[in-house]
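Asker:
In this note's numbering, the protein residues as written are 211 to 564.
#1: CB-CB under 6 Å to residue 518, same chain, minus the five flanking residues each way: which ones, in chain order?
#2: Among 511, 541 and 537, which has the Cα closest to the Cα of residue 523?
#3: For residue 391, name the three-state secondary structure that DSSP assigns.
#4: Is residue 564 buried or exposed, if buried means 16 or more other CB atoms sit within 10 Å of its CB?
#5: Relative to the alpha-carbon of residue 257, which residue among 247, 492 and 364 has its alpha-carbon at the smallest distance?
#6: Identify every residue that forms a DSSP beta bridge with residue 369.
#7: From residue 423 to residue 218, what distance separates their C-alpha atoms?
#8: Would the beta-carbon of residue 554 fall within 9 Å of that of residue 400?
#9: Is there contact here, the stretch 313-321 with the stretch 354-373, by at least three beta-carbon pairs under 8 Å?
#10: Go ahead and label residue 216 buried or exposed: buried means 16 or more other beta carbons lie within 10 angstroms of its beta carbon, across all protein chains shown.
#11: Three-state secondary structure (DSSP) at residue 339?
#12: Whole alpha helix (DSSP H) runs in the stretch 222-295 with 4 or more residues, listed along the chain?
#13: Could you say which of 261, 243 and 336 lies nearest to residue 297 if we only look at CA atoms?
#14: Nearest-angstrom Cα distance between residue 503 and residue 472?
#15: By the 10 Å Cβ neighbour count, where 16 or more other Cβ atoms means buried, how is residue 251 classified, buried or exposed?
#16: Quick check: what's the CA-CA separation for residue 511 versus residue 238?
Below you can see the structure in the form of structure tokens.
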């Protein structure tokens, strides 16, 4: 089975908003969620710069915090299904991106979160499968490829792709601080740790027509690659892995008539990531209207880790729906610390409205 794969709904929870629309609007308005934490300090004795969910108890950590973040965004992404004419709860495959294993998050945490999500009450969907990917930043975009394969093959009529992350765990923050990855007086090549969740609801052509949905975006292609010169190593990264990933994704364009109009990515203030993209611009710039005019949401809501990809897709959908997209094609890309690189191209309608 072949055909289009479409995003028909999104859900989000970020430090800028408890839903997709306010999160996107706040980011577009230039609002930043970064604060000086009132009591957490870094190794230099200065307050940590963090982006926190203001509605959550600061004492809530671990799986309980991740579950609260994920549940809000998941329920929002399900809202359009609850409004459709399904005879019974629709069966949905849930594919969830999680952090790479690190201090504060391990295998037991991932499995506990899986169990908690499967026992959520009053969801308007029947989760028939829940697959986890502990691949960090690139997980959500990589899972779009898995969802597309399932939808096109007929294995799943509807797929939900999501990601959730929170760096706000004492062990995680101490680990980041030890590697000088938290923005501060002594760590300028660093980022603002954040937390949040994002979800995208996907279905194929037949389901789209059958249930009367209008797509917010169509998934054009997803490409995966691997970088061998990793961050936190002495190797010099020249962007080979990301370049090949971008070229593979862009190879599906009808050149020269089509180009990539916008880029949303996980550049976050770390020199490694910025320089990596710089090499891509030099080698593959011909595929873009302007590869340097990228959108890096970490400058507003902080680094979202494993939630990045689905949240990037949400931003592209909101830009099209609200009429401020720069064009019909957006590339999303993200890179995990373990070397995974993922890029996707979304086609968004230019005349939709919500």
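We put the CB at the ideal spot given by N, CA and C, even for glycine.
From a predicted model like this one, the values you see are computed outputs, not experimental measurements.
Answerer: By the coordinates alone:
#1: Position 308 of the chain shown holds residue 518. Correct list, in chain order: 347, 476 and 544.
#2: Counting from 1 along the chain shown, the entry for residue 523 is found at position 313. Comparing Cα-Cα distances from residue 523 to each of 511, 541 and 537, the minimum goes to 541.
#3: Taking the first residue of the chain shown as position 1, residue 391 is located at position 181. The answer is coil: DSSP assigns residue 391 none of H, G, I, E or B.
#4: Locating residue 564 in the chain shown gives position 354, where the first residue counts as 1. Caution is warranted here: a pLDDT of 41 is assigned to residue 564, below 50, making its placement in the model unreliable, and the coordinate value is therefore given only provisionally. It is exposed - the Cβ of residue 564 has fewer than 16 other Cβ atoms within 10 Å.
#5: One-based indexing of the chain shown puts residue 257 at position 47. The option with the nearest alpha carbon to residue 257 is 247.
#6: Position 159 of the chain shown holds residue 369. According to DSSP, which records beta bridges pairwise, residue 369 is partnered with 303 and 412.
#7: Here residue 423 refers to the residue found at position 213 of the chain shown. Here residue 218 refers to the residue found at position 8 of the chain shown. Rounded to the nearest angstrom, the two C-alpha atoms are 7 Å apart.
#8: For the purposes of this step, residue 554 is taken as the residue at position 344 of the chain shown. For the purposes of this step, residue 400 is taken as the residue at position 190 of the chain shown. No, Cβ-Cβ distance for residue 554 and residue 400 is not below 9 Å.
#9: no
#10: Locating residue 216 in the chain shown gives position 6, where the first residue counts as 1. Per the 10 Å Cβ criterion, buried.
#11: By one-based count along the chain shown, residue 339 stands at place 129. Three-state DSSP puts residue 339 in a strand.
#12: Whole alpha helix (DSSP H) segments, 4+ residues: 230-238 and 273-292.
#13: Counting from one through the chain shown, the residue named residue 297 turns up at place 87. Checking every option, the nearest Cα to that of residue 297 belongs to 336.
#14: Locating residue 503 in the chain shown gives position 293, where the first residue counts as 1. Locating residue 472 in the chain shown gives position 262, where the first residue counts as 1. If you take the alpha carbons of residue 503 and residue 472, they lie about 7 Å apart.
#15: Your numbering for residue 251 matches position 41 in the chain shown. The residue in question, residue 251, is exposed, as its Cβ has fewer than 16 Cβ neighbours within 10 Å.
#16: Locating residue 511 in the chain shown gives position 301, counting from the first residue. Locating residue 238 in the chain shown gives position 28, counting from the first residue. Using only the alpha carbons, I get a separation of about 11 Å.
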